[in-house]
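Structure record follows, encoded as structure tokens.
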Amino acid sequence: MRQMISVATARRPKRRGARRQRRRRRAERTVRRAALVYCRWCGRLGVSLSQASRRIGLRPETVHRWHQAWPQDLMRPTPRGRPIARIDAEVRRAIVALLELTGLRGLPTLRELFPTVSRSELVELQRWHIRRSRHGRRRLIRALHWTRPGSVWAMDFSDPPAPIDGFYTKLLCIRDLASGCMLMALPCPDATARTVLTALRAITRWNPVPLVIKCDNGSAFASHEVKQWAKSRGIQLLFSPAGTPEYNGSIESGIGSIKTRSLWIAGRHDRPWHWTCDDVEAARCEANELARPRGPCGGSPNEAWSNRLPLDEVDRNSFINAYRACYARERQRHGLLDGIELQHEEQAAIDRVAITRALVEQGLLH
6 MRQMISVATA RRPKRRGARR QRRRRRAERT VRRAALVYCR WCGRLGVSLS
56 QASRRIGLRP ETVHRWHQAW PQDLMRPTPR GRPIARIDAE VRRAIVALLE
106 LTGLRGLPTL RELFPTVSRS ELVELQRWHI RRSRHGRRRL IRALHWTRPG
156 SVWAMDFSDP PAPIDGFYTK LLCIRDLASG CMLMALPCPD ATARTVLTAL
206 RAITRWNPVP LVIKCDNGSA FASHEVKQWA KSRGIQLLFS PAGTPEYNGS
256 IESGIGSIKT RSLWIAGRHD RPWHWTCDDV EAARCEANEL ARPRGPCGGS
306 PNEAWSNRLP LDEVDRNSFI NAYRACYARE RQRHGLLDGI ELQHEEQAAI
356 DRVAITRALV EQGLLH
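If you count by our numbering, then the sequence shown holds residues 6 to 371, one letter each, in order.
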């Protein structure tokens with residue numbers, strides 16, 4: 006019987022008082038009830054109470070006592086031992102506040118600070134605080150997987166630690182998301198729409214245009230000129246929510262890699278805080294050749310970009326049709342009439358949903 010109780014209470018919570026005993030007391034009641042059922046069943050077969058009790062390793066007096074107690078309260082589980090003495094509410098709040106502020110884990114220190122509180126009470130409060138802290142730090146991590154190189158790009162400006170070549174105060178980076186290939190790391194004198202258009206026109210002469218380009222809401226990217234150029238080339242601009250740089254985290258991490266590599270390359274020439282355009286380009290080529298965004302056994306960004314399957318007109322038309330259908334449904338869901346021109350924030354919010362759903366439907370994102 007003791008083995009049965011041990012198995013039933015092997016994972017009991019570490020609590021004090023009646024709560025700590027609850028599972029074991031319930032297990033004891035279950036075992037005792039099973040013993041009574043067995044003895045009654047043996048009695049119907051003509052086996053005496055003494056014989057039935059000894060068969061299950063119990064004394065007849067014990068089973069007889071259980072039999073008499075059953076009609077009274079059905080052997081309701083009752084805690085054993087003396088009731089625990091709870092500390093004052095003010096002292097409890099002081100201990101909890103100390104644990105919250107300092108994250109104190111040492112029991113000797115707590116006992117020195119609160120000598121009137123029992124050791125078991127301090128241990129219980131410590132365990133409660135640890136469980137609460139762990140539960141509060143839990144985070145749900147979501148990961149995006151871009152499946153086709155060349156379909157979605159990301160771009161963003163960044164500030165180098167010092168003007169590159171003593172003149173270029175901005176760094177414009179454009180990255181392909183599926184392959185992780187940094188297509189461009191261009192030192193720029195400013196962050197204007199003209200600079201963005203010049204870079205996009207140059208890079209789309211060397212490479213096929215993507216379906217989507219992710220960017221933030223900077224004035225250079227949200228300008229009318231850039232939007233019109235993207236529309237004329239069949240490119241959808243996917244703007245990040247305001248104040249959410251992690252929405253475009255891939256280009257942010259890519260820029261960080263370029264800056265780190267540029268610092269080391271310039272340092273090898275004994276000028277770590279004086280970068281040149283050659284340093285930035287060398288950092289871009291090094292990142293595309295040596296980085297392993299898909300793990301140590303995966304290929305480099307250059308390999309993934311070189312082996313890409315170019316987008317054809319069928320792919321583009323299929324995505325555009327899917328986007329238009331998702332866009333119409335999203336406008337209808339928001340109660341927006343056709344033909345009403347939206348502000349930039351409203352248009353970007355609807356596009357984020359429509360473009361994302363279209364990418365998922367086309368198998369370009371999961």
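Heads up, the beta-carbon is just placed ideally off N, CA and C, and yes, glycines get one too.
Because the structure is a prediction, the values reported are computed rather than measured.
With 16 or more other Cβ atoms inside 10 Å of its own Cβ, Lys175 counts as buried. With respect to Ala296, Lys219 sits apart: the two C-beta atoms are not nearer than 7 Å.
Arg329 and Ser245 have their C-alpha atoms spaced approximately 20 Å apart. Burial state of Cys44 is buried, judged by a 10 Å Cβ sphere holding 16 or more other Cβ atoms. In terms of Cβ geometry, Ala74 and Ile61 do not form a close pair [threshold 7 Å]. Straight through space, the alpha carbons of Val122 and Arg91 are spaced by roughly 9 Å.
Nearest to Ser311 by alpha-carbon distance, out of Arg153, Val201 and Ile325, is Arg153. In this structure, DSSP gives Phe119 a state outside helix and strand, which the three-state scheme calls coil.
Here Phe226 is buried, its C-beta having at least 16 other C-beta atoms within 10 Å. Here Pro192 carries a strand assignment [DSSP, helix/strand/coil].
Remark: C-beta atoms of Glu366 and Ala327 approach each other more closely than 7 Å. For Trp158, the enclosing beta strand (DSSP E) covers residues Val157 to Ser163. Gln241 carries a strand assignment under DSSP once its states are collapsed to helix, strand and coil.
When DSSP states are grouped into helix, strand and coil, Val36 belongs to the helix group. Residue environment: Lys236 is assigned as exposed (fewer than 16 neighbouring CB atoms within 10 Å of its CB, all protein chains considered).
Remark: fewer than three beta-carbon pairs, one from each stretch, lie closer than 8 Å, so the segment 160-170 and the segment 135-150 are not flagged as touching. The alpha-carbon of Ser58 is positioned some 7 Å away from that of Val68.
The alpha-carbon of Ala198 is positioned some 31 Å away from that of Pro298. Per DSSP, Arg144 lies in no alpha helix (DSSP H) and is assigned neither H nor E. Judged by beta-carbon spacing, Leu182 lies within the 7 Å limit of Val157, meaning their Cβ atoms are closer than that value. Judged by beta-carbon spacing, Arg34 lies within the 7 Å limit of Met80, meaning their Cβ atoms are closer than that value.
The C-beta distance from Gly185 to Ile325 rounds to 26 Å, too long to meet the 8 Å contact threshold.
One thing to note: Asp284 has its Cβ within 7 Å of the Cβ of Ala271.
Going by C-alpha positions, Thr83 is about 7 Å away from Arg30. Inclusion of Leu243 and Ile360 in the CB contact set at 7 Å is warranted, their separation being smaller than that value.
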